[in-house]
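Asks: Protein chains in written order, with our numbering: chain H, 1 to 255; chain W, 256 to 510.
Number of protein chains: 2
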Amino acid sequence: MNIVIIGSGNAATILGRKFKAAGHNILQIVSRNATAASALAYEWDTESANYLTLVNRTADVYIIAVSDDAIKEVVKDLYLPGKVVAHTAGSVDKEILKKVSPHYGVFYPLQSLRKETDHLPSIPLFFEGSDEKAKMTLEQLALSVSPQNTISASNEDRMKIHVAAVVVSNFTNHLYALAESYCKRENLDFSQLLPLIEETALRIKGISPWKVQTGPAIRHDKATIGQHLDLLKEHPHLKSIYVLLTESIQQQGEA
Amino acid sequence: MNIVIIGSGNAATILGRKFKAAGHNILQIVSRNATAASALAYEWDTESANYLTLVNRTADVYIIAVSDDAIKEVVKDLYLPGKVVAHTAGSVDKEILKKVSPHYGVFYPLQSLRKETDHLPSIPLFFEGSDEKAKMTLEQLALSVSPQNTISASNEDRMKIHVAAVVVSNFTNHLYALAESYCKRENLDFSQLLPLIEETALRIKGISPWKVQTGPAIRHDKATIGQHLDLLKEHPHLKSIYVLLTESIQQQGEA
């Protein structure tokens with residue numbers, strides 16, 4: 001397909017790379033960030049534009065990969081009747097696009113996308129379309145980059161899975177970050193925790209996380225928990241998180 | 256080396272498999288749990304015993320891989336002068352073993368070990384010995400199963416890294432579990448989150464988790480956070496965790 005990407009951040013970059021890898025043609029990058037847009041245009045051997053008035057009008061599909069708040073701004077300046085237009089936001093209703101074209105929808109990647117990573121992660125894609133044309137085009141595009149994991153989902157289901165994504169990704173990453181700061185202050189090497197982090201994430205492919213809960217909280221091991229709280233005396237913030245999540249495991253552990 | 260393993264749970268099983276894979280000889284499994292002991296003895300083509308009085312006294316090293324509380328009980332019935340004896344507990348002082356032999360220590364695997372997994376994860380090993388003989392034997396054993404990640408660590412450092420391990424493993428697994436329950440109740444497919452969970456865990460190999468924090472909390476995106484709290488109305492426990500970790504990200508995010 002011929003694709004125009006609006007945006008030049010993490011989602012725009014990684015989705016663009018996925019589209020290229022799947023053999024699509026990226027006709028144009030449109031972004032107010034001239035430096036980022038030029039860099040992507042160079043990477044993909046295509047053109048860039050910095051104003052929506054200069055958007056190439058000959059593409060099959062327009063992917064708006066900008067921050068949730070910026071979608072409103074983009075929509076004001078975009079009118080593409082006959083074209084398929086989609087945004088990539090988990091928590092924004094597709095109806096925000098209805099004035100751009102009758103063929104609108106959502107193309108939501110359920111993945112944490114960062115342009116600095118050197119690999120392309122696999123990306124489950126949740127799509128939704130306002131009509132048959134939008135649905136078929138977005139489904140076809142999704143299948144081309146994610147044949148195993150293309151999911152038709154309503155606004156509501158997409159928003160719900162986004163909540164779960166925040167829990168398993170943003171919150172766990174924050175726990176990694178707190179542990180890294182703790183290790184730094186205690187002169188420990190955080191990288192020694194990486195095999196444990198990897199194992200904890202990968203083993204739940206085959207088994208429910210409820211069945212593999214380990215540690216002092218689930219064992220109600222008061223001696224170890226007491227010792228840990230003592231070791232966390234100089235880390236009051238992490239200590240408060242430790243107490244809360246230990247209580248949560250003990251309350252919910254047998255759920 | 257000739258090894259006796261005391262215990263038949265997760266740590267005993269996975270460490271035994273690692274020892275076998277590294278070419279060591281497991282002389283005997285000692286465990287009160289006759290069924291588990293027999294199963295491991297069969298797996299490793301060796302002998303099992305159910306009483307400490309029957310322990311084989313000809314091994315080079317004795318690995319006590321039982322729960323923290325049970326170490327005390329094992330120690331009461333064990334006297335192996337001249338032998339190297341170590342326990343595998345992150346949070347238990349090595350001195351608990353001093354009456355068993357003058358050559359005692361700790362052999363702590365910094366990994367979440369579950370016997371039902373079908374692979375052997377890589378396991379950073381923290382060792383400590385009471386004297387040269389214990390140190391050298393335990394270091395050599397550790398290097399044989401974990402050449403990249405054998406670490407000499409004091410009681411105190413081992414206990415401190417154990418706290419960090421609880422945070423990055425037990426607590427993140429609990430977040431996965433809460434998300435799984437939420438998905439079940441909302442008729443969503445939890446397995447669609449697995450690529451995101453994997454990417455979140457693996458990308459911090461090359462970059463600090465502070466630098467890759469994403470999501471509505473770090474963006475101070477009040478609209479999305481409000482929408483998520485609304486969607487969590489029927490999930491009061493997960494909602495309280497959502498609020499606390501969102502606040503933590505916002506307070507600590509720029510630390």
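Every residue gets a Cβ at the ideal spot worked out from N, C-alpha and C, and that includes glycine. On a predicted model such as this, the values are computed, not experimentally measured, just so you know.
Does the contact criterion of 3 or more C-beta pairs under 8 Å hold for the segment 236 to 251 of chain H versus the segment 333 to 344 of chain W?
Replies: No, the segment 236 to 251 of chain H is not in contact with the segment 333 to 344 of chain W.
Asks: Does any CB atom of chain H fall closer than 8 Å to the CB of K431 (chain W)?
Replies: Looking at the sequence provided, one finds Tyr at residue 431 (chain W) rather than Lys. Closer than 8 Å to some Cβ of chain H, the Cβ of Y431 (chain W) qualifies, so yes.
Asks: Taking contact to mean at least 3 C-beta pairs separated by less than 8 Å, is the segment 394 to 408 of chain W in contact with the segment 128 to 137 of chain H?
Replies: Counting Cβ pairs under 8 Å, fewer than three are found: no touch.
Asks: With a CB to CB cut of under 6 Å and the five nearest residues on each side skipped, what residues in its chain are close to T150 (chain H)?
Replies: Same-chain partners within the cutoff: L125, A142, L143.
Asks: Helix, strand or coil for G262 (chain W)? Go by DSSP, reduced to three states.
Replies: Here G262 (chain W) sits in coil by DSSP.
Asks: Below 8 Å between beta carbons: does that hold for I3 (chain H) and A12 (chain H)?
Replies: No; because the gap between Cβ atoms is not below 8 Å, this pair is not in contact.
Asks: Whether or not the segment 403 to 418 of chain W and the segment 426 to 433 of chain W are in contact is what I'm after, with contact meaning three or more pairs of Cβ atoms, one per stretch, closer than 8 Å; do they touch?
Replies: No, because fewer than three Cβ pairs between the segment 426 to 433 of chain W and the segment 403 to 418 of chain W fall closer than 8 Å, the two stretches do not touch.
Asks: Residues in its own chain within less than 6 Å of P195 (chain H) by CB, not counting five upstream and five downstream?
Replies: Around P195 (chain H): no qualifying Cβ.
Asks: Taking three-plus beta-carbon pairs below 8 Å as touching, is the segment 72 to 80 of chain H in contact with the segment 109 to 126 of chain H?
Replies: No: the two stretches stay apart, fewer than three of their Cβ pairs being nearer than 8 Å.
Asks: Please determine if the segment 163 to 176 of chain H and the segment 352 to 367 of chain W are in contact, where contact requires at least 3 C-beta pairs separated by less than 8 Å.
Replies: Touching, no, given that fewer than three Cβ pairs across the two stretches are closer than 8 Å.
Asks: The alpha helix (DSSP H) with E132 (chain H) in it runs from where to where?
Replies: Start and end: 132 to 145.
Asks: Let's test the definition: count the other Cβ atoms within 10 Å of the Cβ of R203 (chain H) and tell me whether it reaches 16, buried, or not, exposed.
Replies: Result: buried.
Asks: What does the Cβ neighbour count give for G337 (chain W), buried or exposed, with the cut at 16 atoms within 10 Å?
Replies: Exposed is the call here.
Asks: Would you check if the segment 112 to 123 of chain H and the segment 458 to 475 of chain W touch, i.e. whether three or more CB-CB distances between them fall below 8 Å?
Replies: Touching, yes.
Asks: Would you mind reading off the limits of the beta strand (DSSP E) that contains T150 (chain H)?
Replies: T150 (chain H) -> beta strand (DSSP E) spans 150 to 152.
Asks: Please list, in chain order, all residues of the same chain as V310 (chain W) whose beta carbon is under 6 Å from its beta carbon, the five residues on each side excluded.
Replies: Excluding sequence neighbours, V310 (chain W) sits near V285.
Asks: Which residue's Cα is closest to the Cα of K390 (chain W): W:L375, W:Q403, W:F362?
Replies: The candidate whose alpha carbon is nearest that of K390 (chain W) is W:F362.
Asks: Please determine if the segment 31 to 49 of chain H and the segment 13 to 23 of chain H are in contact, where contact requires at least 3 C-beta pairs separated by less than 8 Å.
Replies: Output reads yes: the segment 13 to 23 of chain H touches the segment 31 to 49 of chain H.
Asks: L448 (chain W) and A164 (chain H) - do their beta-carbons sit closer together than 8 Å?
Replies: Yes, Cβ-Cβ distance for A164 (chain H) and L448 (chain W) is below 8 Å.
Asks: Using a cut-off of 7 Å between C-beta atoms, extract the partners of F426 (chain W) located in chain H.
Replies: L175, L245, listed in chain order.
Asks: Can you check which of these residues, W:N428, W:G360, W:W465, W:N288, is closest to S503 (chain W) by C-alpha distance?
Replies: Minimum Cα distance to S503 (chain W) is reached at W:W465.
Asks: Where do the ends of the alpha helix (DSSP H) carrying V30 (chain H) lie?
Replies: That residue, V30 (chain H), is in no alpha helix (DSSP H); its beta strand (DSSP E) goes 25 to 30.
Asks: Just by C-beta distance, which residues in the segment 392 to 413 of chain W are closer than 7 Å to chain H?
Replies: Correct list: N404, I406, D412.
Asks: Which chain W residues sit within Cβ distance under 7 Å of V212 (chain H)?
Replies: Ordered by position in chain W, the residues that pass the 7 Å Cβ test against V212 (chain H) are R369, N428.
Asks: Between which two residues does the alpha helix (DSSP H) carrying G481 (chain W) extend?
Replies: Looking at the DSSP string, the run of the alpha helix (DSSP H) that includes G481 (chain W) is 477 to 486.
Asks: Give, in chain order, every residue of the segment 322 to 344 of chain W whose Cβ lies closer than 7 Å to some Cβ of chain H.
Replies: Within the segment 322 to 344 of chain W, the qualifying residues are D323.
Asks: Please decide whether D476 (chain W) counts as near chain H, where near means a Cβ-Cβ distance under 8 Å.
Replies: Yes - at least one Cβ of chain H is within 8 Å of the one on D476 (chain W).
Asks: Compute the Euclidean distance between the alpha carbons of G470 (chain W) and G90 (chain H), then round it to the nearest angstrom.
Replies: C-alpha separation (whole angstroms): 11 Å.
Asks: Please list the partners that I416 (chain W) has in chain H, where partner means a Cβ-to-Cβ separation under 9 Å.
Replies: Within chain H, the residues near I416 (chain W) are C183, E186, L188, D189, Q192, L193.
Asks: Kindly give me the distance between the Cβ atoms of Q111 (chain H) and E454 (chain W), rounded to whole angstroms, as I take these residues to be in contact under 8 Å.
Replies: Yes, Q111 (chain H) and E454 (chain W) are in contact; Cβ-Cβ is about 6 Å, under 8 Å.
Asks: Residues of chain W with CB under 8 Å from V168 (chain H), in chain order?
Replies: L430, Y431, A434, L448, L451, I452, T455, listed in chain order.
Asks: Thinking just about the alpha-carbon of each residue, which of W:I416, W:V316, W:G264, W:N265 is nearest to the one in N280 (chain W)?
Replies: N280 (chain W) has its Cα closest to that of W:V316, out of W:I416, W:V316, W:G264, W:N265.
Asks: Using the C-alpha atoms, what's the distance from N50 (chain H) back to N481 (chain W)?
Replies: The residue asked about is misnamed: residue 481 (chain W) is Gly in this sequence, not Asn. Spanning the two alpha carbons is a distance of roughly 32 Å.
Asks: Note down, in chain order, every chain H residue with its Cβ under 7 Å from the Cβ of A304 (chain W).
Replies: None at all; the shortest Cβ gap to chain H is about 26 Å.
Asks: Tell me which residues share the same chain as Q505 (chain W) and place their Cβ nearer than 8 Å to its Cβ, disregarding the 5 neighbours each side in the sequence.
Replies: Only A472, I473, H475 meet the Cβ criterion.
Asks: Compute the Euclidean distance between the alpha carbons of P513 (chain W) and T246 (chain H), then round it to the nearest angstrom.
Replies: Nothing about residue 513 (chain W) can be reported from this structure: the residues present for chain W run from 256 to 510 only.
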